[in-house]
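Engineer: Residue numbers (my numbering): 28 to 144. Just so it is clear, CB atoms sit at the ideal spot from N, CA and C, and this is done for glycine as well.
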Amino acid sequence: MNNDADPDCIFCKIVAGRVPAKKVHEDDQVVVFHDIHPWAPVHVLLVPRQHIVSMAEVGPEHQALLGHMMALVPRLMRELGVTGGFRQVINTGRDGGQEVMHLHMHAFGGPRPWQRG
Ligand code: 5GP
Ligand code: ZN
Numbered sequence: 028m029n030n031d032a033d034p035d036c037i038f039c040k041i042v043a044g045r046v047p048a049k050k051v052h053e054d055d056q057v058v059v060f061h062d063i064h065p066w067a068p069v070h071v072l073l074v075p076r077q078h079i080v081s082m083a084e085v086g087p088e089h090q091a092l093l094g095h096m097m098a099l100v101p102r103l104m105r106e107l108g109v110t111g112g113f114r115q116v117i118n119t120g121r122d123g124g125q126e127v128m129h130l131h132m133h134a135f136g137g138p139r140p141w142q143r144g
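1) Under a criterion of Cβ closer than 5 Å to any non-hydrogen atom of ligand 2, which residues qualify, in chain order?
2) Say yes only if the C-beta of L93 is nearer than 7 Å to one or more non-hydrogen atoms of ligand 1, and no if none qualify.
3) Could you tell me if the beta carbon of F60 falls within a distance shorter than 7 Å of some heavy atom in ligand 1?
4) Pick from Q56, A98 and G108: whose alpha carbon is nearest that of G136?
5) Terminal residues of the continuous beta strand (DSSP E) containing V109?
6) Nearest-angstrom Cα distance between V58 and H52?
7) Within its chain, find whatever has a CB closer than 6 Å to the CB of H70; leave out the 5 residues flanking it on each side and keep chain order.
8) Specify, as a first and last residue, the run of the alpha helix (DSSP H) that G42 falls within.
9) Under three-state DSSP, which class holds P75?
10) Could you spell out the range, first to last residue, of the beta strand (DSSP E) harbouring M51?
11) Which word fits V74, buried or exposed, when buried means at least 16 other C-beta atoms lie within 10 angstroms of its C-beta?
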């Protein structure tokens with residue numbers, strides 16, 4: 028586990044390989060895996076390796092990471108067979124509907140109807 032990890036955080040545990048997940052991509056900045064409760068035919072989570080709590084904690088030093096996450100999604104959606112468009116969502120804080128307090132981007136795709144979103 029790296030120094031930026033929170034030992035009690037479920038996404039830090041997945042990043043460290045201590046909790047299993049259906050991973051679809053890993054690089055030096057992010058780990059991407061299928062959501063355990065998918066809302067759409069394809070529903071993956073892009074999780075920075077670094078434990079950043081939410082978008083509310085983001086500063087200029089995170090611009091490259093966020094750009095990387097945003098720009099990675101089209102490639103991943105293609106690789107996952109999504110052809111009809113997709114949706115990228117980041118929930119922030121209680122009122123933003125964030126449940127896991129480790130910054131992450133949802134990427135949804137596949138034929139509608141979806142369960143949510
Ligand atoms: P949030 O509401 O914080 O934006 O979204 C958290 C997401 O993480 C939810 O869609 C939830 O299903 C997913 N999730 C929570 N715990 C786990 C887990 O242990 N494994 C996986 N793969 N997804 C999880
Ligand atoms: Zn974490």
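Structural biologist: The short version:
1) Matched residues: D33, C36, F38, C39, H78 and H129.
2) Distances between the C-beta of L93 and the heavy atoms of ligand 1 are all 7 Å or more.
3) Yes, the beta carbon of F60 sits closer than 7 Å to at least one heavy atom of ligand 1.
4) Of the candidates Q56, A98 and G108, G108 places its Cα closest to the Cα of G136.
5) From DSSP, V109 is part of no beta strand (DSSP E); its letter is neither H nor E.
6) For V58 and H52, the distance between alpha carbons rounds to 6 Å.
7) Excluding sequence neighbours, H70 sits near D62 and F135.
8) Checking the sequence, you will find Val at residue 42 rather than Gly. In this chain, the alpha helix (DSSP H) harbouring V42 covers I37 to V42.
9) Here P75 sits in strand by DSSP.
10) At residue 51 the sequence reads Val, which differs from the Met that was named. The continuous beta strand (DSSP E) containing V51 extends over residues K50 to E53.
11) A residue is called buried once 16 or more other Cβ atoms fall within 10 Å of its Cβ, and V74 is buried on that count.
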